[in-house]
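Participant:
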Ligand SMILES: [Zn+2]
Ligand SMILES: [Zn+2]
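In my numbering, the protein residues as written are 14 to 364.
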């Protein structure tokens, strides 16, 4: 099969023939129809993910068609239109059996701990547990574009924060996952405040449905500004960036008993942050939880929102490219990624 591969970190991807993957006995072989290009792929490519072993094929936001199933796969057959979360669970450990494959100790992370979907075919192990059937009305490109940022935001709001209609929510950082969180929170009937330091990000936040926007550079303390605006603070606050400032602003935005969700992945100097334990956790009794990925079992309610039209993701895809352009698109993510998603939608040589 053809795959976009890198032999060394930070070196250009090359598209070349590699051996076709085998179908796992309990899995399915998926012919990739679309794959998103994400900042996390850049992270893997630049050598910042300890799971990545060279040479490597990135790509974790995929959708496609099942072309083969293993003898132990019961729920899928050739021709099924599918997607999969980027964290694949083992399906048998207590965490997976409890419905929580995103914390599985034996997880297989597509495009990180194994080769990803910048390729013609992707083997998906334990398909009955990990594959997700797509509605006929949902395009492969949109399903791929939802694969990481949208699903991560949905898991954080619907399952970790348990956001309810009518509640206030603040979203700190209007990058890809932040904009997804704004659109989902609006669709869930929450009242949304977007906080960012860039004017263009706040414009995108407004376009995604944010009811209020706060320029963090124009107010003394963004947490105080959110609490003033809401008469005491938001019920739910999200750090969609993972840096010390947005974490602090997020927990300071909360009302008593408020729930903070950490969605942005902290790296470098931000992995350990100060926490006002007495003022916020003990006295105001806030809750702090983390969120990473989304289990396959949580796709149906998200897909239903898209099918019903209550969550409009039509502006999500910014650019469609061929496999040969994946390396350039990946390298460009060094800079601010913006809200739109680039999707690879052609994998074979044009004839
Ligand atoms: Zn497991
Ligand atoms: Zn991603």
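Beta carbons are placed, not taken as given, at the ideal position from N, Cα and C, and that holds for glycine. Keep in mind the model is a prediction, meaning the values are calculated, not measured.
1. Compute the distance between the beta-carbons of residue 131 and residue 48, then report whether it is under 8 Å.
2. Is the Cβ-Cβ distance between residue 86 and residue 41 less than 8 Å?
3. Below 8 Å on the Cβ atoms is my guess for residue 247 versus residue 239; work out the distance and round it to an integer in Å.
4. Considering only their Cβ atoms, is the gap separating residue 184 from residue 222 smaller than 8 Å?
5. Determine contact between the segment 117-137 and the segment 309-319, defined as no fewer than three beta-carbon pairs at a distance below 8 Å.
6. Would residue 79 and residue 45 qualify as a contact pair, given that the criterion is a beta-carbon distance under 8 Å?
7. Determine contact between the segment 201-216 and the segment 172-183, defined as no fewer than three beta-carbon pairs at a distance below 8 Å.
8. Suppose you measure from the CA of residue 346 to the CA of residue 52; what does that come to, to the nearest Å?
9. Counting only beta-carbon separations shorter than 8 Å, does residue 263 have a partner in chain C?
10. Compute the Euclidean distance between the alpha carbons of residue 162 and residue 333, then round it to the nearest angstrom.
11. I believe residue 187 touches residue 215 by the beta-carbon criterion, under 8 Å. Please report the beta-carbon distance rounded to the nearest angstrom.
12. Mind checking whether residue 259 and residue 277 have CB atoms under 8 Å apart?
13. Spell out the partners DSSP gives residue 355 in its beta bridges.
14. At a cut-off of 7 Å, is residue 48 close to ligand 2 when judged by its beta-carbon and the heavy atoms of the ligand?
15. Go through the residues and name those whose CB comes closer than 6 Å to any heavy atom of ligand 1, in chain order.
16. How do the segment 82-102 and the segment 29-41 stand: do at least 3 beta-carbon pairs fall below 8 Å, yes or no?
17. Pick helix, strand or coil for residue 228, following the three-state DSSP scheme.
18. For ligand 2, is there a heavy atom less than 7 Å away from the beta-carbon of residue 162?
19. When you compare only the Cα positions, how much space is there between residue 198 and residue 236?
20. Looking only at its chain, what residues have a beta carbon closer than 6 Å to the beta carbon of residue 57, apart from the 5 residues adjacent to it on each side?
21. Relative to ligand 2, is the shortest distance from any of its heavy atoms to the C-beta of residue 302 smaller than 7 Å?
22. Apart from the five residues on each side of it in sequence, which residues of its chain come closer than 6 Å, Cβ to Cβ, to residue 129?
23. Let me check you understand the geometry: is the CB of residue 199 closer than 7 Å to at least one non-hydrogen atom of ligand 2?
24. Measuring alpha carbon to alpha carbon, tell me which residue in 190, 310, 191, 68 is nearest residue 142.
25. Closest to residue 21 by CA distance: which of 15, 55, 31, 68 is it?
26. Using the three-state DSSP reduction, which class does residue 131 fall into: helix, strand or coil?
27. In chain order, which beta strand (DSSP E) runs of at least 3 residues are fully inside the segment 86-167?
28. Cβ atoms of residue 170 and residue 156: under 8 Å apart, would you say?
29. Hey, which unbroken runs of the alpha helix (DSSP H) at 4 residues or more fall wholly within the segment 215-281?
30. Compute the Euclidean distance between the alpha carbons of residue 109 and residue 284, then round it to the nearest angstrom.
31. Suppose contacts are defined by Cβ-Cβ distances below 8 Å. Is residue 343 in contact with residue 50 by that definition?
32. Closer than 6 Å by C-beta to residue 62: which residues in its own chain qualify, once you throw out the five before and the five after it? Chain order, please.
Facilitator: On the basis of the data shown:
1. Position 118 of the chain shown, counting from 1, holds the residue named residue 131. Position 35 of the chain shown, counting from 1, holds the residue named residue 48. Result yes, Cβ atoms of residue 131 and residue 48 sit closer than 8 Å.
2. Counted from its first residue, the chain shown places residue 86 at position 73. Counted from its first residue, the chain shown places residue 41 at position 28. Taking 8 Å as the Cβ cut-off, residue 86 and residue 41 qualify as a contacting pair.
3. Translated into positions along the chain shown, residue 247 becomes position 234. Translated into positions along the chain shown, residue 239 becomes position 226. At roughly 6 Å, the Cβ-Cβ gap stays under 8 Å, so residue 247 and residue 239 are in contact.
4. Against the chain shown, residue 222 aligns to sequence position 209. Against the chain shown, residue 184 aligns to sequence position 171. No. Outside cutoff.
5. no
6. As a first step, residue 79 must be located in the chain shown, where it is residue number 66. As a first step, residue 45 must be located in the chain shown, where it is residue number 32. No. Outside cutoff.
7. yes
8. Position 333 of the chain shown, counted from the start, is the residue given in the question as residue 346. Position 39 of the chain shown, counted from the start, is the residue given in the question as residue 52. Approximately 6 Å between the Cα atoms of the pair.
9. Considering every chain present, this structure includes no chain C. It has just one protein chain.
10. Along the chain shown, read from residue 1 onward, the residue named residue 162 stands at position 149. Along the chain shown, read from residue 1 onward, the residue named residue 333 stands at position 320. Approximately 17 Å, taken between the alpha carbons.
11. Indexing the chain shown from 1 puts residue 187 at position 174. Indexing the chain shown from 1 puts residue 215 at position 202. So it is a contact: roughly 7 Å between Cβ atoms.
12. Counted from its first residue, the chain shown places residue 259 at position 246. Counted from its first residue, the chain shown places residue 277 at position 264. The answer is yes: Cβ separation under 8 Å.
13. Residue numbering aside, residue 355 sits at position 342 when the chain shown is read from its first letter. For residue 355, which the question treats as bridged, DSSP gives the partners 50, 332.
14. The residue you call residue 48 lines up with position 35 of the chain shown. The answer is no for residue 48.
15. 102, 103, 106, 108, 109, 114, 117, 119
16. yes
17. Within the chain shown, residue 228 is the residue found at index 215, counting from 1. Correct three-state label for residue 228: strand.
18. Here the question's residue 162 lines up with position 149 in the chain shown. Yes - ligand 2 has a heavy atom lying nearer than 7 Å to the Cβ of residue 162.
19. Start at 1 with the first residue of the chain shown, and residue 198 comes out as number 185. Start at 1 with the first residue of the chain shown, and residue 236 comes out as number 223. Roughly 19 Å between the two C-alpha positions.
20. What you label residue 57 is simply residue 44 of the chain shown in a count that begins at 1. 65, 71, 125.
21. The residue you call residue 302 lines up with position 289 of the chain shown. Because no heavy atom of ligand 2 lies under 7 Å away, the Cβ of residue 302 does not count as near it: no.
22. For the purposes of this step, residue 129 is taken as the residue at position 116 of the chain shown. Cβ within range, chain order: 70, 71, 72, 73, 123.
23. The residue you call residue 199 lines up with position 186 of the chain shown. No - ligand 2 has no heavy atom lying nearer than 7 Å to the Cβ of residue 199.
24. Here the question's residue 142 lines up with position 129 in the chain shown. Nearest C-alpha to residue 142: 310.
25. One-based indexing of the chain shown puts residue 21 at position 8. When each option's Cα is compared against that of residue 21, the closest is 68.
26. Within the chain shown, the letter at position 118 stands for residue 131. In this structure, residue 131 counts as coil in the three-state DSSP scheme.
27. 94-96, 134-137
28. Residue numbering aside, residue 156 sits at position 143 when the chain shown is read from its first letter. Residue numbering aside, residue 170 sits at position 157 when the chain shown is read from its first letter. No, they are not a contact pair.
29. 235-243, 257-266
30. In the chain shown, residue 109 corresponds to position 96, counting from 1. In the chain shown, residue 284 corresponds to position 271, counting from 1. Taking the straight line from one Cα to the other gives about 27 Å.
31. Mapped onto the chain shown, residue 343 falls at position 330. Mapped onto the chain shown, residue 50 falls at position 37. Yes.
32. For the purposes of this step, residue 62 is taken as residue 49 along the chain shown, with counting starting at 1. If we look at residue 62 and ignore the five residues flanking it on each side, its Cβ neighbours are 56, 125.
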